[in-house]
Amino acid sequence: MDNVIIMDHPLIQHKISRLRDKSTGTNEFRTLVSEIAMLMGFEALRDLPTELVEIETPIETTKQPMIAGKKMAIVPILRAGLGMVDGVLQLVPSAKIGHIGLYRDPDTHEPHEYYCKLPEPIDQRTILVVDPMLATGGSGADAITMIKQHGGKNIKFMCIIAAPEGLERLHKEHPDVQIYVGALDRQLNENAYICPGLGDAGDRIFGTK
């Protein structure tokens, strides 16, 4: 899959291992998710467009590269995706933020939309969709479809942990989207949880059960 990048940086691997540990508490878990998002975002945004802008240093006037065009958009898939927003914002503080709300049917494991609000003009922005877990791939694929229906074109997807099944589905449905994965796990279990995974990312970020 030439549109998939699996992260292999030791810092990302180490922090994901801490996330997996069931003894990691809510506060540390939340901090780790944000840190991982920042480290992954550094790689995912390496191709942001730049333009030469004239600035004046203490020595002379010069033209130097700065990020070009409309501010990028960060779009978390609610609710767990919210945990990754601050990490990316540390890299691009001026980014606009959209939200997509999907819930998973407990029986079919398929996603259903309940909210979508995107910054305009969405077609002129680099869009980074974030969600800690890519399990069945349903939520990620549907979120990207919704963004495309609103006119989004330059879309990237970033998750911390993915199952092979979800990665295959997202790649198949959206081959034009660059996918960034912190760790590719073994499989989904009968309840569509990623194995070995880290449990429910939303519950662990927000301290709910």
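To convert a position in the sequence shown, counted from 1, into this note's numbering, add 18. Positions of the beta carbon are idealized from the N, C-alpha and C atoms, including for glycine. If you're wondering where the values come from, they're calculated on a predicted model, not measured in any experiment.
Check, Outcome
"Would the stretch 94–111 and the stretch 33–46 be scored as touching if the rule is three or more Cβ pairs under 8 Å?", "no"
"Are there 16 or more other CB atoms within 10 angstroms of the CB of residue 101, so buried, or fewer, so exposed?", "buried"
"Taking Cβ to Cβ, would you say residue 176 is nearer than 8 Å to residue 195?", "no"
"Can you grab the Cα-Cα spacing for the pair residue 136 / residue 198, in whole Å?", "21 Å"
"Mind pulling the beta strand (DSSP E) runs of 3 or more residues that sit fully within the stretch 29–117?", "68–74, 79–85, 91–96"
"Just the Cα atoms here: how many angstroms apart are residue 203 and residue 76?", "51 Å"
"Our contact map puts residue 140 next to residue 91 with C-beta atoms below 8 Å; I'd like the distance itself, whole angstroms only.", "7 Å"
"When we look at the beta-carbon of residue 192 and count the other beta-carbons within 10 Å, is it buried (16 or more) or exposed?", "buried"
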